[in-house]
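Asker: In the order they appear, the protein sequences are chains A and B.
In this text, residue positions in the first sequence follow this note's numbering: the first is 4, and each later residue adds one.
In this text, residue positions in the second sequence follow this note's numbering: the first is 401, and each later residue adds one.
To start, I am sharing the structure in question, which I have written as structure tokens.
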Amino acid sequence: MPSESPAGEPAPSNGRLPDDAVRVVGSVPFAAYVHVPFCATRCGYCDFNTYTAGELNGATEQQYVGAILAEIELARQVVPHAPPLSSVFFGGGTPTLLRAADQALILRALRESFGLGPEAEITTEANPESVSEAQLVALREAGVNRISFGMQSAVPHVLATLDRTHTPGRVREAVAEARAAGFDNISVDLIYGTPGESLADWRASLDAAVSLEPQHISAYALIVEAGTALARRIDRGELASTDDDDQATKYELAEELLSAAGYEWYEVSNWARSPDLASRHNLAYWKGHHWWGFGPGAHSHVGGVRWWNVRHPRAYAERMAAAESPALAREVLGEPTRQLERLLLEVRLRDGLACQALSPGALVAAASMVREGLLDPAAWESGTVLLTLRGRLLADLVVRRLVVDDDEGMANAEV
Amino acid sequence: MPATPPGRVPQAASTDPSVLRNFGIIAHIDHGKSTLADRMLQATGVVEQRLMRAQYLDRMDIERERGITIKSQAVRLPWTGPTGTDFILNMIDTPGHVDFTYEVSRSLAACEGAVLLVDSAQGIEAQTLANLYLALENDLRVIPVLNKIDLPAAQPDKYADELAHLIGCEPEDCLRVSGKTGEGVERLLDEIVTLVPPPVGDPDAAARAMIFDSVYDTYRGVVTYVRVIDGRLTPRERIKMMSSGATHEMLDIGVISPEPVPTQGLGVGEVGYLITGVKDVRQSRVGDTVTDAPKPAKQALPGFRDPKPMVFSGLFPVDGSDYPELRDALERLQLNDAALVWEPETSTALGFGFRCGYLGLLHLEIVRERLEREFNLELISTAPNVVYRVVMEDATEIVVTNPSEFPIGKIADVHEPVVRATVLAPSEFIGTIMELCQGRRGQLLGMDYLSEERVELRYSLPLAEIVFDFFDQLKSRTRGYASLDYEQSGEQVAELVKVDILLHGDTVDAFSAVVHKDKAYTYGVAMAQKLKDLIPRQQFEVPIQAAIGARIIARENIRAIRKDVLAKCYGGDISRKRKLLEKQKEGKKRMKMVGRVEVPQEAFIAALSNEDTSPKK
């Protein structure tokens, strides 16, 4: 089962945003996320909001496309003065389970409603096994200019544990097909720390990823989410549990091999060939930009309001058919909450967090974390909180100390 | 034979001692004492059927829930005997646990007879035996009764033999009753008036009455239960407590039947209550003698003693800001519990709290449960310990009630309290029980077969060895069949040492323990391992050491945490992540700092409990 939605306050059925939020639209870039909630099979580790054919309960892809177009129209009415989109991201689920023509249709609607910025980044996620050469050509022609392949691993037994059905060879073919179709901005996703994965397995996956010469690589430590098939298998003792120390070693190996191959980290789990190849869309999340998330279960953030849609494709389609906002609930963030979010997001970035954003207590905590080797001393000198390699692995602890020690920073200062 | 008609009931204050019968019921927990008492209330007509509720006499919720009696009560019951004489029975309900032996002994001292009640599906238990000895010491006429004969598993013939063997009567002398159905209860009442002797006292002597219970009541202050030995107590006179010499105005005097009824006084042999307006049970102590203030008796009745706490433990609020509430709650409990003592204690690990002294483990548990239930407090209690008398080389003496205050070096002798324990169990468990007792430094004093299958083992054991988990161990190793009773039997010199637990070099006072030197290593290793599993990894390596003085006897390491970052943080994760952080900020209140090490409260609670530790996540 997919994980649960957060708790929030009720969202108005007409989708209207508070005037304060609408007023600041345009002050920062505006992005669009399109959630495609379909998968051929559910992978054991996945807790995303996604559904296999049997779980759709009558919802169809055609209904889905119609509903997305309706939500785009709703968005146009709610934020009529939004600036042209700086990025569009088709995520899932498996976006490439949609026909390329449907993705093109959605993209055209977004372009017509909001316009696209001059260098807009248009990404689609793709599963190596379910994307065809012709589809890649069609997507590129429709304006998609970045593709992110779910590679996960180059080792068959690791792919099997993750329930991924592609072969390592298929990734290489798919990347080649994407290049042939004209994609010059390609990313691959990797997962490390899967039960049974050796350090040599992980090295092999990193080497394989590098050898594909993508512009961008994401590497995520496997998280065993409660309620997933993977969690149950671990509970039953069929698989070993993940190990933080193992994942730490693998993260360090990733940093070593990727930086040697010319990739530089720009966020805890993301590396790019050059700063301009960093994912603009993902940076929008981390830099507090505005984005509208379209589709079942999608999250949005506009002007300090976060909201999230109903999760099931059928419920979503019904809302849109009734001309109601698909929002399930929302949060209107006060200034302290926005500061807290800014801190927890920006600390994870290579650009770091400006010291001015810190309270006196957090500054004291930061100064001791510089001494402890969690924060970069040179960056600190120039007024930035920047994680060291060790700090990246302990980023949640760093954030916790900046936040939790805020009130009593003096108490824990003398470490 | 039947209940006495209301018009003929002898009136209190003028009852001829020859028609008085004062008796108690002694029984093991769960052998049906309170249920039998309920049937007696009904049979004698003092409680109407429609007002009856189960365990009528047990007032506290905890008592009713656990089916045990903590505070005794006395009830006046009219009963017309087999020869047609109208009698007055005073049934004195006694507390039923080893911690309250002294209170039991005072209750029995107020009686001339005792009903020895045995569950006919269970047979004699250690506590039955202990209370029987108390009754015999007080020269009571013992009436053996087998209860619960309605149970399918009842074996009254078998246990009648056991009982007869024990008290030296014939098996057919054992009455058979069912507190549940009421069968045999009228016959028992007849036996009581026939067999129990009437009280004897001097009606013209100065008044002397023994306090056998003292209960705090929110509306009326302290209600004192007495048995008059000599003379007479009358309303509106001043009375005097002979142990302290304090005098009080008598505001009310009467009998309980089963609700309080004021009377013109209480005469020789009578049992009732008095109210003087004192607000604290410590001013009206069990075992003390009440006399006339203007015409006091010369000599107090024998047997009074101060309750002495045997077991100590620290109590700390989980949320430090609850400290004032905990103090208020302890003060309120003390109004009704003369045996509870406490003083403020500061722990570097647990903050501000109180070191409390109890009569025993049940007493401790009851106090703690009442604090949590009635006062809604969340508490951490340290492992219970006994009182040590430490004699230093220079002959000075230190009384240690808190292990962290155990002196270091230059110790001549350490004295620890010992108890005489009686264990009753089916004979198949002899080996198991001996193994357990020997592991707890026990000395076998003797062993007797009560019957072919049941054996009584008598041990001398250090109290310290049984305050922690002895009873649980005994129960689990004998599949629940063994029963235990013990009484203090002095002290002994033992080779005891203090084991400290250090976290990252800092002593955690809450974990210091006084243990026998042969067990110090095992304790140190076990505690270090337990803490290793309970304390989350920190940013730096944390050594856990067990030490005797400066000597390290065990060591574990909590390795430094290397990774805690969640790999993903995209649009839909932000709210969740922020809320987690807000929760952690809130949770910081429940973190205790030991030096630089953050220890969650839950780790302290788990480490201090004797349950199996669950691994950290």
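Just so you know, even glycine gets a beta-carbon here, dropped at the ideal spot from N, CA and C.
Could you have a look at A:I75 and say whether DSSP puts it in helix, strand or coil?
Answerer: Helix, per DSSP.
Asker: Does the stretch 313 to 331 of chain A come into contact with the stretch 379 to 392 of chain A, if we say contact requires no fewer than three beta-carbon pairs (one atom in each stretch) closer than 8 angstroms?
Answerer: No, they do not touch.
Asker: Tell me, which residues are paired with B:I656 by DSSP?
Answerer: B:P660, per the DSSP bridge assignment.
Asker: What's the C-alpha gap between A:L356 and A:V350?
Answerer: A:L356 and A:V350: Cα-Cα distance of roughly 5 angstroms.
Asker: To the nearest angstrom, report how far apart B:F775 and B:F752 are at their CA atoms.
Answerer: Approximately 18 angstroms, taken between the alpha carbons.
Asker: Spatial neighbours of B:S889 within its chain, please: C-beta separation below 7 angstroms, excluding the five flanking residues on both sides.
Answerer: If we look at B:S889 and ignore the five residues flanking it on each side, its Cβ neighbours are V818, V819, R820, S860.
Asker: How should A:Q218 be labelled, buried or exposed, when 16 other C-beta atoms within 10 angstroms of its C-beta is the threshold for buried?
Answerer: A:Q218 is buried by the Cβ-count criterion.
Asker: Distance check for B:V897 and B:M617, CA to CA, integer angstroms please.
Answerer: Per the sequence shown, residue 617 of chain B should be read as Asp rather than Met. If I take the Cα positions, the gap works out to 44 angstroms.
Asker: For A:V68, which residues from the same chain have a beta carbon less than 6 angstroms from its beta carbon, with the 5 sequence-adjacent residues on both sides left out?
Answerer: If we look at A:V68 and ignore the five residues flanking it on each side, its Cβ neighbours are D105.
Asker: Given this structure, state the Cα-to-Cα distance separating B:E1002 from A:L162, to the nearest angstrom.
Answerer: For B:E1002 and A:L162, the distance between alpha carbons rounds to 39 angstroms.
Asker: Relative to the alpha-carbon of A:D50, which residue among A:M154, A:A232, A:I125, A:G61 has its alpha-carbon at the smallest distance?
Answerer: The candidate whose alpha carbon is nearest that of A:D50 is A:A232.
Asker: Look at B:A954 and B:G987 and say whether their C-beta atoms are less than 7 angstroms apart.
Answerer: No. Outside cutoff.
Asker: With C-beta atoms as the reference, is A:A85 less than 7 angstroms away from A:F41?
Answerer: No, the Cβ-Cβ distance between A:A85 and A:F41 is not below 7 angstroms.
Asker: With a threshold of 7 angstroms between beta-carbons, can B:I468 be considered close to chain A, or not?
Answerer: For B:I468, the predicted model reports a pLDDT of 41, less than 50, meaning its position is unreliable; a value from the coordinates is still stated below. For B:I468, the answer is no, since every Cβ of chain A falls outside 7 angstroms of its Cβ.
Asker: Given A:T44, which residues of its chain have a CB within under 8 angstroms of its CB, disregarding the five upstream and five downstream residues?
Answerer: Excluding sequence neighbours, A:T44 sits near T55, D166, T168.
Asker: Which partner residues does B:W742 have in the DSSP bridge list?
Answerer: BP columns for B:W742 point to B:C756.
Asker: Can you list the residues of chain A that B:Y970 reaches, using a CB-CB cut of under 8 angstroms?
Answerer: Neighbours of B:Y970 on chain A, chain order: N285, Y288.
Asker: If you draw a straight line from the C-alpha of B:E778 to the C-alpha of B:P784, how long is it?
Answerer: Whole-angstrom Cα-Cα distance: 18 angstroms.
Asker: Ordered along the chain, which non-local residues of its own chain (more than five positions away) have a Cβ less than 8 angstroms from that of B:A646?
Answerer: Correct list, in chain order: K640, Q683.
Asker: In whole angstroms, what separates the C-alpha of B:V718 from that of B:P1000?
Answerer: Roughly 10 angstroms between the two C-alpha positions.
Asker: Since A:V140 contacts A:A184 with CB under 8 angstroms, what's their CB separation in whole angstroms?
Answerer: Yes, A:V140 and A:A184 are in contact; Cβ-Cβ is about 4 angstroms, under 8 angstroms.
Asker: Using Cβ-Cβ distances below 7 angstroms, what residues of the stretch 33 to 48 of chain A are close to chain B?
Answerer: Those would be Y36, in chain order.
Asker: Flag A:D399 as yes if its beta-carbon sits less than 7 angstroms from any beta-carbon of chain B, otherwise no.
Answerer: So yes, A:D399 belongs to the interface.
Asker: Which chain B residues are close to A:R345, counting only those with a beta carbon under 8 angstroms from its beta carbon?
Answerer: Residues of chain B passing the Cβ test: none, with the nearest at roughly 10 angstroms.
Asker: Could you work out which residue in B:P807, B:G842, B:L726, B:K810 is closest to B:T822 when comparing CA atoms only?
Answerer: Minimum Cα distance to B:T822 is reached at B:G842.
Asker: For B:A812, would you say it is in contact with chain A, using Cβ-to-Cβ distances shorter than 7 angstroms as the test?
Answerer: No, no contact with chain A.
Asker: Using a Cβ distance threshold of 8 angstroms, determine whether the stretch 563 to 570 of chain B contacts the stretch 523 to 539 of chain B, with at least three qualifying pairs required.
Answerer: Touching, yes, given that three or more Cβ pairs across the two stretches are closer than 8 angstroms.
Asker: Determine the extent of the beta strand (DSSP E) in which B:L551 is found, giving its start and end residues.
Answerer: Segment: none, B:L551 is in no beta strand (DSSP E) and carries neither H nor E.
Asker: Can you give the Cα-Cα distance for B:K471 and B:D438, rounded to whole angstroms?
Answerer: Annotation note: pLDDT 48 at B:K471 (below 50); position unreliable, coordinate value reported separately. If I take the Cα positions, the gap works out to 16 angstroms.
Asker: With DSSP as the reference, label A:M4 as helix, strand or coil.
Answerer: Residue placement at A:M4 is flagged as unreliable, the pLDDT there being 42, under the threshold of 50; the coordinate-derived value follows with that caveat. In this structure, A:M4 counts as coil in the three-state DSSP scheme.
Asker: Skipping 5 residues on each side, what residues in its chain have a beta carbon closer than 7 angstroms to that of A:R19?
Answerer: Cβ neighbours of A:R19 beyond the five flanking positions: V81.
Asker: Just verifying my parser: in three-state terms, what is the DSSP assignment at B:M650?
Answerer: Of the three classes helix, strand and coil, the one that applies to B:M650 here is coil, per DSSP.
Asker: Report yes or no: is there a C-beta of chain B within less than 7 angstroms of the C-beta of A:M4?
Answerer: Below a pLDDT of 50, predicted positions are generally treated as unreliable, and A:M4, at 42, falls in that range; the measurement from the model is reported next regardless. No, A:M4 lies away from the interface with chain B (no Cβ there is under 7 angstroms from its Cβ).
Asker: Put B:I953 into one of helix, strand or coil per three-state DSSP.
Answerer: Here B:I953 sits in strand by DSSP.
Asker: Determine the extent of the alpha helix (DSSP H) in which A:P316 is found, giving its start and end residues.
Answerer: Where A:P316 is concerned, the enclosing alpha helix (DSSP H) stretches over 316 to 324.
Asker: For A:E375, which residues in chain B fall below 9 angstroms Cβ to Cβ?
Answerer: Per Cβ cutoff of 9 angstroms: Q939, F940.
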